[in-house]
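Remarks on the structure that follows.
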Amino acid sequence: MSQSQDIQFDGLYAHELTVSRSEQILLEDADLHLAPSTITYLYGENGAGKTSLMRCLAGLLQPEHGTVYWNNKPINHPESGFCSDLIFLAHSLSMKNELTIAENLAFYAQLRLKDRVTTTVLKTQISQVLIDLGIGGLERRMFAELSAGQQHKVALARLVLEPAKIWILDEPFVNLDHKTRGWLAAKTLEFKKQGGTVLFTSHHHIDELPVDQKVGVEHE
Amino acid sequence: MILTLLKRELKVARRNWIGLAIPLLFFIIVVSLFPFAVSPEAPVLQQLAPGVIWVAALLAMLLSLEQFYRSDYQDGSLEQLLLMSSPTSVAISKILAHWLLTGLPLVVLSPLLGVLMQINHGVEHSAHTWVLMLSLVLGTPTLCLLGAVGMSLTLAASRNGLLVSILIIPLYVPVLIFGASTVTASLENMRYNGELAILGAFLLIAIVFAPFASGRALKISVG
Amino acid sequence: MANAWRWFHQLGSPKYLFQKTGQWLPWIWGATLILLAVGLYYSLWASPIEVRQGQGHTVRIMYVHVPAAALSMIGYIAMAIAATVGLVWKMKMAFAVVRSIAPVGAAMTFLALFTGSVWGKPTWGTWWEWDARMTSELLLLFLYLGYIALHASFSDRSKADKAGAILAIVGVINIPIIYFSVKWWNTLHQGYSITEKGALNPAFQTPLFLMLAGIYLLFAALVLMRLRAEIVLRNQKSRWVIEWASGKTLERGES
Chain A
453 MSQSQDIQFD GLYAHELTVS RSEQILLEDA DLHLAPSTIT YLYGENGAGK TSLMRCLAGL
513 LQPEHGTVYW NNKPINHPES GFCSDLIFLA HSLSMKNELT IAENLAFYAQ LRLKDRVTTT
573 VLKTQISQVL IDLGIGGLER RMFAELSAGQ QHKVALARLV LEPAKIWILD EPFVNLDHKT
633 RGWLAAKTLE FKKQGGTVLF TSHHHIDELP VDQKVGVEHE
Chain B
7 MILTLLKREL KVARRNWIGL AIPLLFFIIV VSLFPFAVSP EAPVLQQLAP GVIWVAALLA
67 MLLSLEQFYR SDYQDGSLEQ LLLMSSPTSV AISKILAHWL LTGLPLVVLS PLLGVLMQIN
127 HGVEHSAHTW VLMLSLVLGT PTLCLLGAVG MSLTLAASRN GLLVSILIIP LYVPVLIFGA
187 STVTASLENM RYNGELAILG AFLLIAIVFA PFASGRALKI SVG
Chain C
526 MANAWRWFHQ LGSPKYLFQK TGQWLPWIWG ATLILLAVGL YYSLWASPIE VRQGQGHTVR
586 IMYVHVPAAA LSMIGYIAMA IAATVGLVWK MKMAFAVVRS IAPVGAAMTF LALFTGSVWG
646 KPTWGTWWEW DARMTSELLL LFLYLGYIAL HASFSDRSKA DKAGAILAIV GVINIPIIYF
706 SVKWWNTLHQ GYSITEKGAL NPAFQTPLFL MLAGIYLLFA ALVLMRLRAE IVLRNQKSRW
766 VIEWASGKTL ERGES
């Protein structure tokens, strides 16, 4: 407990992190600092543990050992505000097939903003971002009716609709068309400019997105 | 926050109404088997009624559990819910939705089953029906709460389906005992408020422990 | 106090626990065999038959039945305690303890049911009676089997451990509720009851206490053996396990 006082790292800071999955140690005693206004690129082979590390930093996976701090408070500490500051986009899109696009997006926005946003404001925001993403006018369609590419775009729309201070994105660029890649890169840079912290993985180098820090995860 | 979560649960479940109707249909069909298997005579059915209706309600509750938890786990929504709100409130919203969409309809349907099982045989008024409904009103929420714990524990397990039943049925026994005996006491013209009080006590104990335990279990399943 | 705390932490180390249990086991086994030998001699030959209730030789079943029934309860409570330690202090070895108790506890529960049934046939004239104790014991067996089934259904052992731990704790909260409910239900239906308490004849006491001590120790020995197997299984990639398996003697110390 005394440790938390003398550590002063803004943003996300992982201290002596040991992560394992199915009893296999993926990462041992690693320190990692993601400062505000930086974009960090996480690379590594398939199965090296990129996703597990991200899930651990997001607080979904308990580390074997070590602590993750957000603005110098452990992330599970209620005062850290981590749960309202973080957007974590995983492989699974986390949208309900039974709901419309607008309903899906509005639900997450309302959950994050604790209903401090009116539905009419949210509605116009949603239609705007869908137009930007090239799927304008589809907000009343059921999520299940969209193509895989369109569904992916809906998940990305959350980044614009929900205010956050840190994004953890697992393969956000995979299977995106050229135009959407540009859109996502531009939004990421804009987020960085506003003081946001970004961590993302990708198999390929993304030309549109200059990164500030590269972190590799390797097999033993 | 719980209200936002609950609204979503109800909306998703309503669009999937057939999944909700099936456990209720099962409830009715199982009960209607007994006259064929045992005897269609009213006094016999009346004696069996409390047990049969309660067992069928219990099984219907078990059958409907999957629907409220499985898809959220599989499509990753559960992960997002746990990131943005406390595990306990996620569990509470699921338990409330499960009761509103399965427990409550069972209560509403139970007079019909009372008729099928001749519960009011030999009496003029329908007091027994009210007692049956009351016992289900107090008992089914406890079944939802315990079921939530079992379901949350088995989400990440490989062999699901029947596994949750094995875990949960022993825990359901006390509710079954007092639920059915409430109705039996009424049929025998005895006082049944003691049984109802105990059902209420079970409900309170479950309200204290189950949402927390279920929340912890959800967190483990996702991690 | 500080010492006890340190010891508690050392027990969390697989290697330390493996070494210690290895040292204890021969003694426990020795004591178990002596107690069981003497106990069986007393319970099968050197004790009188029951005449007052006309049970005759069947009273001898009690010398196994009572310890087994007691251990079935104690085992589940011990599981819940270890589960709490595991969840609260994040001590992995505690989960190994929970997993090790489960099959032995289930076996004791089965033994209690089986001996109860064998005793019931000549006494009550039936193999099974929905007696409050037997019914509770049956539900307890289901709880044990539920834990084992749940634990076996995960591919990830740490998830299995944690989920199983929660189930054990939820189960232990329910045990008194189940027992109370079944007892109430039983009096309602006026079933048989074996709870005819009278002063236990001192002649029955000696074999009973010997067998209680013997079977308790047997339980401990079996759990520790399972625990050692569990430790090896869970640490099969550590160096000390590989060295131990290739026949080297373990150096003292923790790792």
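Protein chains in written order, with our numbering: chain A, 453 to 672; chain B, 7 to 229; chain C, 526 to 780. Cβ atoms here follow ideal geometry from the backbone N, Cα and C, with glycine treated the same way.
- Under the Cβ distance rule, S597/C does not count among the residues neighbouring chain B, no pair being separated by less than 8 Å.
- Counting only Cβ-Cβ distances below 9 Å, S678/C has no contacts in chain A at all, with the closest Cβ about 15 Å away.
- Assignment of beta-bridge partners to R473/A by DSSP yields Q476/A.
- In the three-state reduction of the DSSP assignment, F540/A falls in the strand class, which pools E and B.
- According to the DSSP assignment, H630/A belongs to no beta strand (DSSP E) but to the alpha helix (DSSP H) extending over H630 to K645.
- Using a Cβ-Cβ cut-off of 8 Å, V695/C counts as an interface residue toward chain B, since at least one Cβ of chain B sits closer than that to its own.
- Contacts between D681/C and chain A, judged by CB atoms closer than 7 Å, involve S474 in chain order.
- In this model, V581/A and S164/B are separated by some 39 Å (Cα to Cα).
- DSSP places L668/C inside the alpha helix (DSSP H), whose first and last residues are A657 to A677.
- Between the alpha carbons of E516/A and F42/B lies a gap of roughly 58 Å.
- Around the beta-carbon of R568/A, fewer than 16 other beta-carbon atoms lie within 10 Å, marking it exposed.
- The DSSP assignment places 571-584 as complete runs of the alpha helix (DSSP H) inside the stretch 563-599 of chain A, in order along the chain (cut-off: 4 residues).
- With 16 or more other CB atoms across the displayed protein chains lying within 10 angstroms of its CB, I694/C is buried.
- At least one CB of chain B lies nearer than 8 Å to the CB of S544/A.
- Neighbours of N22/B in chain A, taken as residues whose beta carbon is under 7 Å from its own, are E550 in chain order.
- Within the same chain, L742 come within 6 Å of A556/C by CB-CB distance, once the 5 residues on both sides are set aside.
- Under the three-state reduction of DSSP output, K615/C falls in the coil class, being neither helix nor strand.
- When 7 Å is used as the limit between beta carbons, E85/B is near these residues of chain A: L512, A542 and S546, in chain order.
- Setting aside the 5 residues that flank it on each side, Y198/B is surrounded in the same chain by V137, T188, A191 and S192, each with a C-beta closer than 7 Å to its C-beta; the list follows chain order.
- The beta carbon of K525/A does not come within 8 Å of any beta carbon belonging to chain B, so the residue lies off that interface.
- With a contact defined as Cβ atoms closer than 8 Å, W644/C and H590/C qualify at about 6 Å.
- Look at A466/A here: in three-state DSSP terms it is strand.
- Boundaries of the beta strand (DSSP E) around W522/A: H517 to W522.
- Straight through space, the alpha carbons of G109/B and Q603/A are spaced by roughly 34 Å.
- In this structure, L585/A is the residue among K566/A, F595/A, L585/A and T552/A with its C-alpha nearest to the C-alpha of W635/A.
- The beta carbon of K525/A lies closer than 6 Å to those of E531 and S532 in the same chain, with the five residues before and after it left out.
- DSSP places W570/C in the coil class of the three-state scheme, outside both helix and strand.
- Counting C-beta atoms within 10 angstroms of its own C-beta, G463/A has 16 or more neighbours from the protein chains shown and is therefore classed as buried.
- 8 Å or more divides the Cβ of A593/C from the Cβ of T660/C.
- Boundaries for V707/C: no beta strand (DSSP E) harbours it, while the alpha helix (DSSP H) harbouring it runs R682 to L713, taken from the DSSP string.
- Between the C-alpha atoms of F643/A and S489/A there is a straight-line separation of about 8 Å.
- Contact annotation: A657/C and N699/C have beta-carbon atoms that are not nearer than 8 Å.
- I606/C is outside the set of residues whose beta carbon lies under 8 Å from a beta carbon in chain B.
- Separation of A621/C and I756/C (C-alpha to C-alpha, rounded to the nearest whole angstrom) is 7 Å.
- Residues are counted here when their Cβ sits less than 9 Å from a Cβ of chain B; for the stretch 701-715 of chain C these are I702, I703, F705, S706, V707, W709, W710 and L713, given in chain order.
- With a threshold of 8 Å between beta carbons, G229/B makes contact with chain A.
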